[in-house]
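Numbering (UniProt numbering), first residue to last: 1 to 377. All C-beta atoms, glycine included, are put in the ideal place defined by N, C-alpha and C. Report on one structure; see the data block that follows.
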Amino acid sequence: MYNVIRGRFLRYLAYSVLPLSLIAKGYAIGVSLNIFNQEVQIVSGDGPEILSDGVLQLQDNYPELSGFLISDLGNGKGDSSFHRRTSLFTVTLTGARYGRTITLRAKLGRSIFRQDSFLLAHFSGSTVNNGCSGGLQPDYDNFPGGAGHFIFIDSGNHDFTQDCSGNTYPFIYENIRPIYTYGDARRVWLDIPTLIASDAWQSLPADTYTGSVSLNLESLENPNRGARKQLNTTTSVTIRKQPYFSGLSLPSKNVLFKTRYTQEHVEGYASTPLILQGSFDPNFGRVRLSVRSDNNFSLRNDTGRVLPYQAILHAGSKQYALNKDTVSIAPPVEIISLNSTNQLPLILMFQFNQDKSNLIDGIYHDNVTLIAELPLL
């Protein structure tokens, strides 16, 4: 039966019930990101914000709810309560080039709106709160009458394993007015930290990953007639995983030449393996490499004698000359078709061939700097 709030007596009338389900047009709440290794860069989105724990928050004015008249729920009166089925969901992201997929965890945070219709009375119902640590409102049967109060359900925390579901207390309204929402009426949280820390993400090639999911997570319901307005939440995510370097490994920073003497010349050879680590696009990616020499690509001894050499880079079956002569530097070489997603093995070689008459005994040395560049997608 009805409970009276405003001193007017309302009779309970029995009549046939015709359940009605209204489905709201979907409006996507979304974001576009660039991710370089562990660095997240927001490109665009609906109120995007990286929170203190790294979780990405999106928010909008809940267009599916804004402007709705609760009298459309079936009996001309405003009998309604606000329901949430679940807060947890996932978005499957698929790479544009390679079709690789990964799952991103998401959670509906707080949903809030202002009810400007006049609160007249309440049903003999109940409030249900399953795991919503941020609470919900109205949550008791003596909610004050009048207009202009807020209704909300709030998950309250960024625990992507803790669900939040339930419903607010059912009330009866008159002088029905459109529901009003603000720019932060609906919040969606994306678990970006767990995503980019996962082995699955680290193993993915550089690519653009997109995904979208549409779910009816919430509804407005008429407890008297069984009618409901389904509130669709469409979440769209685009993440461009940019190539990056995460490290360089080589056995030693000191590379020693092995020499061989012929009748008139001295030949020298040295090499070192090295591995560029990071994230690469195996087929479309490019890495530019160049070297800088302190002694203009010459080994020099303490007396000033010089021994010109050539630097050569081996990448798979291909080799690239990194210097033209002793005084100039060749343009950066570009390695394509990397055939790897997270490491690039290379061999850096040095060689010289010098007339014996130009050399004296001693130690010759040079300092070389290898420069690697990743053109971004």
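Three-state class that DSSP yields for residue i in the structure shown
i, result
"Leu22", "Interpretation of Leu22 is limited by its pLDDT of 37, a score under 50 that renders its predicted location unreliable; the figure taken from the coordinates is listed afterwards. If DSSP states are grouped into helix, strand and coil, Leu22 belongs with the strands."
"Ile360", "coil"
"Ala200", "helix"
"Ile176", "coil"
"Tyr182", "coil"
"Phe171", "strand"
"Val188", "strand"
"Gln115", "strand"
"Gly166", "strand"
"Val237", "strand"
"Lys253", "coil"
"Gly125", "coil"
"Ala227", "coil"
"Thr259", "strand"
"Thr103", "strand"
"Asn367", "coil"
Span of the beta strand (DSSP E), counted from its first residue to its last, around residue i
i, result
"Leu374", "Leu374 -> no beta strand (DSSP E), and no H or E assigned at all."
"Pro345", "Gln343 to Asp355"
"Tyr98", "Where Tyr98 is concerned, there is no enclosing beta strand (DSSP E), given that its DSSP letter is neither H nor E."
"Ser246", "Tyr244 to Ser249"
"Ala121", "Phe118 to His122"
"Val213", "Asp207 to Glu221"
Cβ shell of residue i (< 8 angstroms), same chain only, five flanking positions each side left out
i, result
"Ala96", "Asp207, Thr208, Tyr209 and Thr210"
"Pro139", "At residue 139 the sequence reads Asp, which differs from the Pro that was named. Taken in chain order, the residues that qualify are Thr127, Asn129, Thr168 and Tyr169."
"Ser298", "Val306, Leu307, Pro308, Tyr309, Thr326 and Asp366"
"Pro332", "Arg288, Leu289, Ser290, Ile371 and Glu373"
"Ala147", "Gln115, Asp116, Ser117, Phe118, Leu119, Asn175 and Arg177"
"Arg85", "Ser165, Asn216, Leu217, Glu218 and Ser219"
"Gly54", "Val40, Ile192 and Pro193"
"Ser44", "Val31 and Ser32"
"Phe150", "Ile112, Phe113, Arg114, Gln115 and Gln137"
"Leu359", "Val266, Arg305 and Leu307"
"Ala270", "Val255, Leu256, Phe257, Lys258, Met349, Phe350 and Gln351"
Cβ shell of residue i (< 6 angstroms), same chain only, five flanking positions each side left out
i, result
"Ile335", "Val287 and Ala315"
"Phe9", "Low local confidence applies: a pLDDT of 28 at Phe9 is under 50, so the model's placement there is unreliable, and no value is given."
"Gly268", "Phe257, Thr259 and Phe352"
"Gly278", "Tyr244, Phe245 and Ser246"
"Leu88", "Lys107 and Asp163"
"Ile371", "Ser290"
"Gln343", "Ile275 and Gln277"
"Asp184", "Gln59"
"Gly67", "Pro178"
"Phe123", "Pro170 and Pro223"
"Val368", "Val291 and Ser293"
"Arg100", "Leu204"
Where the alpha helix (DSSP H) through residue i begins and ends
i, result
"Ile196", "Ile192 to Ala197"
Close-in-space but distant-in-sequence residues of the same chain around residue i (CB under 7 angstroms, 5 per side omitted)
i, result
"Gly78", "Ile70, Ser71, Ser117, Ile172, Tyr173, Glu174 and Ile176"
"Asn301", "Gly362, Ile363 and Tyr364"
"Ile239", "Leu33, Ile35, Leu93 and Tyr209"
"Gly134", "Arg110, Asp154, Ser155 and Gly156"
"Ser219", "His83, Arg228, Lys229, Gln230 and Leu231"
"Ala24", "Only weak support is given to the placement of Ala24: the predicted model assigns it a pLDDT of 40, under 50, and the question is left unresolved by the model."
"Tyr98", "Pro205 and Asp207"
"Leu313", "Leu289, Gln319, Tyr320, Leu322, Val333, Leu346 and Leu348"
"Glu264", "Asp355 and Lys356"
"Gln38", "Ile196"
Heavy atom of the ligand ATP within 7 angstroms of residue i beta-carbon
i, result
"Tyr180", "The ligand ATP is absent from the structure shown, which contains no ligand whatsoever."
Count the CB pairs spanning the segment 232-251 and the segment 311-319 that are closer than 8 angstroms, and state whether there are at least three.
no
At what residue ranges does the segment 261-341 contain a whole run of the beta strand (DSSP E), taking only runs of 3 or more?
265-279, 286-293, 298-300, 306-308, 310-315, 318-321 and 333-336
Fully enclosed by the segment 129-158, which beta strand (DSSP E) runs are 3 residues long or longer?
149-154
Flag this pair as touching only if the segment 106-123 and the segment 174-190 have three or more C-beta atom pairs under 8 angstroms; answer yes or no.
yes
Stretch pair the segment 195-203 + the segment 59-73: three plus CB contacts closer than 8 angstroms
no
Report yes or no: do the segment 224-231 and the segment 297-309 share at least 3 C-beta pairs separated by less than 8 angstroms?
no
Whole runs of the alpha helix (DSSP H) within the segment 28-93, excluding any shorter than 4 residues:
none
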